[in-house]
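2 protein chains.
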Amino acid sequence: MRRTRFDDAACPIARSLDQIGDWWSLLIVRDALDGARRFTEFQKRLGLAKNILSARLSKLVAHGILRLEPASDGSAYQEYVLTEKGESLRLVLMALRQWGEDFLFAPDDRPLPHVVKASGKPLGPLEITHPKPRKLGPRDVEVLKELDD
Amino acid sequence: MRRTRFDDAACPIARSLDQIGDWWSLLIVRDALDGARRFTEFQKRLGLAKNILSARLSKLVAHGILRLEPASDGSAYQEYVLTEKGESLRLVLMALRQWGEDFLFAPDDRPLPHVVKASGKPLGPLEITHPKPRKLGPRDVEVLKELDD
DNA sequence: CCGTATCCATTCCGATACTG
DNA sequence: CAGTATCGGAATGGATACGG
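Protein sequences, first through last, are from chains A and B.
With our numbering applied, the first sequence corresponds to residues 1144 to 1292, in that order.
With our numbering applied, the second sequence corresponds to residues 1144 to 1292, in that order.
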């Protein structure tokens, strides 16, 4: 596409999109946040072609969003784990999730709730803060896998 | 590319990306939030080809993120204004901005600060809330155009 | 199991020319 | 000013075949 690069743009949003603004990267990060670490695991979850998964993973590693690590089990392979930079995308994903929940689902087709781990209670909206104390960290929340009420 | 569609995915993030997950849409929304309304205005700010701007704007209108409105001045043309759905993307953009600010700028190349309109003070991080009261709305903040300290 | 390599279709992007 | 039309090139995406 010979896309214009945004990597040196003055705007942080443009720079961000340059690194993760394509169709698959954020979904890969989403699954990584959900515990996926192996190539085939990502492939199975996302259902995308292996060559493009390979390319995306490499790009994410190159940008320091994922990092390669020796497999946690005995296998000779490596695993893709999130760096701090990658972990921090959780907030972006949450914003995207809340927007989607609010505007992209019909009343009779609700998404799985996003809840606070400790309490199991659904999240409130993201809030903008003055430079003030924090409430809850991104790690404190999770998305329910199924409805078991 | 024959990309897989996410518009009926179970995951809100996937659905969101289906509507605004391309290279230009969020930047268009960014500029709309910043006051841009006219075709040429977007084109000038973004520096993208007119045909693709045209396609993106149409798509955003089709998705109910932008809406066409008779020009506010005398001209016979129309203007692109954000719907509530589009306005709500402000939070997503803020998350993206904060991530970019945190990880994509060198110490000697800081981005323009994002401040609270009323106080002029820089924003704190987005926070996750329990179902609790709100603090500051997305409309209360702005990005400085230049540094005049 | 974990990828890389190859092939082909699609579509995205940018530039330019053109209309009202 | 506000687009539409057309063009070529590049990157993306999916499928499959192949190798460690």
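Glycine residues also receive a C-beta, built at the ideal position from the N, C-alpha and C atoms.
**Asked** Which two residues bound the contiguous beta strand (DSSP E) that contains B:Leu1247?
**Response** The residue you call residue 1247 of chain B lines up with position 104 of the second sequence. Counting along the chain, B:Leu1247 falls outside any beta strand (DSSP E), and DSSP gives it neither H nor E.
**Request:** Classify B:Ile1195 as helix, strand or coil using the three-state DSSP reduction.
**Result:** Indexing the second sequence from 1 puts residue 1195 of chain B at position 52. In this structure, B:Ile1195 counts as helix in the three-state DSSP scheme.
**Under 7 Å from the C-beta of A:Asp1245: neighbouring residues of chain B** = Counting from 1 along the first sequence, the entry for residue 1245 of chain A is found at position 102. Going along chain B in sequence order, the residues near A:Asp1245 (Cβ under 7 Å) are Ser1231.
**Asked** Considering only residues of the same chain and omitting the five flanking positions on each side of B:Gln1306, which have a CB-CB separation below 8 Å?
**Response** Residue 1306 of chain B is absent from the model: chain B starts at 1144 and stops at 1292.
**Request:** For my contact list, A:Leu1200 and A:Gln1186 are in at a C-beta cut-off of 8 Å; report their separation, rounded to the angstrom.
**Result:** Along the first sequence, one-based indexing puts residue 1200 of chain A at 57. Along the first sequence, one-based indexing puts residue 1186 of chain A at 43. That belief does not hold up - the Cβ atoms of A:Leu1200 and A:Gln1186 are roughly 10 Å apart, past 8 Å.
**Prompt:** Buried or exposed: which applies to A:Arg1233, given that a residue is buried once 16 or more other Cβ atoms fall within 10 Å of its Cβ?
**Reply:** The residue labelled residue 1233 of chain A in the question sits at position 90 within the first sequence. By the neighbour-count criterion, in which 16 or more other beta carbons inside 10 Å mark a residue as buried, A:Arg1233 falls on the buried side.
**Request:** Going by DSSP, name the residue or residues bridged to A:Arg1210.
**Result:** Taking the first residue of the first sequence as position 1, residue 1210 of chain A is located at position 67. Answer is A:Val1224.
**Message:** Quick check on DSSP: helix, strand or coil for B:Pro1155?
**Reply:** Position 12 of the second sequence, counting from 1, holds the residue named residue 1155 of chain B. For B:Pro1155, the three-state secondary structure derived from DSSP is helix.
**Distance between beta carbons of B:Leu1160 and A:Trp1166, contact taken as under 8 Å** = In the first sequence, the residue the question calls residue 1166 of chain A occupies position 23. In the second sequence, the residue the question calls residue 1160 of chain B occupies position 17. Indeed, because the Cβ distance is near 7 Å, the residues count as touching under 8 Å.
**Sequence-distant residues of the same chain with beta carbon closer than 8 Å to B:Leu1169, five excluded per side** = If you number the second sequence from 1, residue 1169 of chain B lands on position 26. Ile1163, Leu1232, Val1235, Leu1236 and Leu1239.
**Prompt:** DSSP on B:Arg1180, reduced to helix/strand/coil?
**Reply:** Counting from 1 along the second sequence, the entry for residue 1180 of chain B is found at position 37. It is coil, neither helix nor strand.
**Request:** Determine the closest residue to B:Ile1271 out of A:Gln1241, A:Gly1229 and A:Lys1202, with distance taken between C-alpha atoms.
**Result:** Against the second sequence, residue 1271 of chain B aligns to sequence position 128. The candidate whose alpha carbon is nearest that of B:Ile1271 is A:Gln1241.
**Prompt:** Less than 8 Å separating the beta-carbons of B:Glu1230 and A:Pro1155?
**Reply:** The residue labelled residue 1230 of chain B in the question sits at position 87 within the second sequence. The residue labelled residue 1155 of chain A in the question sits at position 12 within the first sequence. It is not a contact, given that the beta carbons lie outside the stated cut-off.
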